[in-house]
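Encoded as structure tokens, the structure appears first; notes follow it.
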Amino acid sequence: MNNAATRRAILTGGAALAFLAAATKMPKGTGLKPPAAPAVQTLDIRDADGRIVPIRVWRPGGKPLGTLLFSHGANSNAAKYDALTAAFADAGWLTAAILHADSPDRPEPRPQGAAGLARRLVEAQATLDWLSEQHRDLPMVAAGHSFGALIALILAGARTLAFPTEADPRVRAALAFSPPGAFPGFIDAKGMAKIARPIWVQTGTADALPPMIPDWQSHRLAFDNATVTPRLLWIGDGVDHYFGNRIGRPERPFSEPQARLFQAATDNALDFAAATALADPAARARLDTAPAGVTITLKT
Numbered sequence: 001m002n003n004a005a006t007r008r009a010i011l012t013g014g015a016a017l018a019f020l021a022a023a024t025k026m027p028k029g030t031g032l033k034p035p036a037a038p039a040v041q042t043l044d045i046r047d048a049d050g051r052i053v054p055i056r057v058w059r060p061g062g063k064p065l066g067t068l069l070f071s072h073g074a075n076s077n078a079a080k081y082d083a084l085t086a087a088f089a090d091a092g093w094l095t096a097a098i099l100h101a102d103s104p105d106r107p108e109p110r111p112q113g114a115a116g117l118a119r120r121l122v123e124a125q126a127t128l129d130w131l132s133e134q135h136r137d138l139p140m141v142a143a144g145h146s147f148g149a150l151i152a153l154i155l156a157g158a159r160t161l162a163f164p165t166e167a168d169p170r171v172r173a174a175l176a177f178s179p180p181g182a183f184p185g186f187i188d189a190k191g192m193a194k195i196a197r198p199i200w201v202q203t204g205t206a207d208a209l210p211p212m213i214p215d216w217q218s219h220r221l222a223f224d225n226a227t228v229t230p231r232l233l234w235i236g237d238g239v240d241h242y243f244g245n246r247i248g249r250p251e252r253p254f255s256e257p258q259a260r261l262f263q264a265a266t267d268n269a270l271d272f273a274a275a276t277a278l279a280d281p282a283a284r285a286r287l288d289t290a291p292a293g294v295t296i297t298l299k300t
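Here the UniProt record's numbering is used: the first residue of the sequence shown is 1, the next is one more, and so on.
Below you can see the structure in the form of structure tokens.
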């Protein structure tokens, strides 16, 4: 498929610039200039049916190490995950965050149920194609939060109940922030057992949204039923579904106690991506190092 990308806008607002400045790290003790901050832009690509798929692209300041697809949660949008996707880019990943058709920020009618899942997967395929066109030789990772985490897991091989799916051969690992548990008509334990790529799964002891998510342990479904290795489960004490509104709901007041754990989770996810997709031995050695307030289970 030929995805003709059309540039729509480059963010230059004060808030975006402030965030980019904060994301830029000065190398400690070297006296060197800090690396260039990642740059963000919004592009329109097209899916296999010719429909527009907006993607929010974060480009690393230097040569990318790999490419990463990000799928947002339900009732949200790609920009509400800038704290996470900018960190991916800052670590060297060319990151494309999809603005899905079911987002309230899309003007078209919002597909629901199985139709919504199918549309997300078509949009994900278009985004993987675009990333491949940018850097065909670089390893690729899929990531997402909540409903978006399910998309990442499907790309890693999870089998849905709605229709058969297979792991995308381009995807080397999946990062699943608060993925769903068993969901009638969508996914169950048997479907998660089909996962064929390394997975990183995150949840927290306050990660419940009754009645849809009655308890936080349901988010373990992918980790507990997959047999692939390596796979890692990251649990944060007191961490809720949105990491204290760091992701998914940044318009709400932040919960400062969760800020440190959000950074710890992001760092661990990046180490997992580097260890699995980039074969980085130093990153792999750090995987089971858990700071205070975090429980990590690593299966190898």
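For every residue, glycine included, the Cβ atom is placed at its ideal position computed from N, Cα and C.
Query                                                                                                              : Result
Beta-ladder partner(s) of Ile213, from DSSP                                                                        : Leu209
Sheet register partners of Asp90 (DSSP bridge)                                                                     : For Asp90, which the question treats as bridged, DSSP gives no partner whatsoever.
Buried or exposed by the 16-neighbour rule on C-beta atoms within 10 Å, applied to Gln112                          : exposed
Residue of Leu94, Pro60, Gly66 minimising C-alpha distance to Ala275                                               : Gly66
Cα-Cα separation, Lys190 to Thr203                                                                                 : 20 Å
Span separating the alpha-carbon of Ile213 from that of Gly181                                                     : 8 Å
Residues bridged to His145 [DSSP beta-bridge criterion]                                                            : Phe177
Candidates Trp130, Ala79, Arg286: closest to Pro104 by CA position                                                 : Ala79
Unbroken stretches of the beta strand (DSSP E), 3 residues or longer, contained in the stretch 40-76               : 52-59, 66-71
The stretch 50-60 touching the stretch 163-183, judged by at least three CB pairs closer than 8 Å                  : no
Strand pairing of Thr95, partner residues [DSSP]                                                                   : Trp58, Leu68
Reduced DSSP secondary structure (H/G/I, E/B, other) of Phe183                                                     : strand
Under the three-state DSSP convention, the category Gln258 falls into                                              : helix
Length of the line joining the Cα atoms of Ala149 and Trp200                                                       : 10 Å
Start and end residues, alpha helix (DSSP H) containing Val122                                                     : 113-134
Residues that DSSP places opposite Leu233 in a beta bridge                                                         : Val201, Thr297
Rounded C-alpha distance that separates Lys63 from Glu133                                                          : 15 Å
N-terminal and C-terminal residue of the alpha helix (DSSP H) that Asn225 is part of                               : 221-225
Bridge-paired residues (DSSP) for Val171                                                                           : Met140
Close-in-space but distant-in-sequence residues of the same chain around Ala283 (CB under 7 Å, 5 per side omitted) : Asp271, Ala274, Ala275
Alpha carbon of Arg106 to alpha carbon of Ala37, nearest angstrom                                                  : 28 Å
First through last residue of the alpha helix (DSSP H) which encompasses Pro281                                    : 281-286
Three-state secondary structure assigned by DSSP to Pro291                                                         : coil
Residues bridged to Asp240 [DSSP beta-bridge criterion]                                                            : Ala206
Any 3 or more C-beta pairs closer than 8 Å across the stretch 110-129 and the stretch 282-298                      : no
Residue burial classification, Arg252 (beta-carbon count within 10 angstroms, cutoff 16)                           : exposed
Contact between the stretch 92-102 and the stretch 172-179 (3+ Cβ pairs under 8 Å)                                 : no
Rounded straight-line distance, which links the Cα of Asp90 to that of Leu32                                       : Only weak support exists for where Leu32 lies, its pLDDT of 36 falling under 50; the value from the coordinates is given anyway. Rounded to whole angstroms, Leu32 to Asp90 spans 17 Å at the Cα level.
For Thr165, the three-state DSSP class (helix, strand or coil)                                                     : coil
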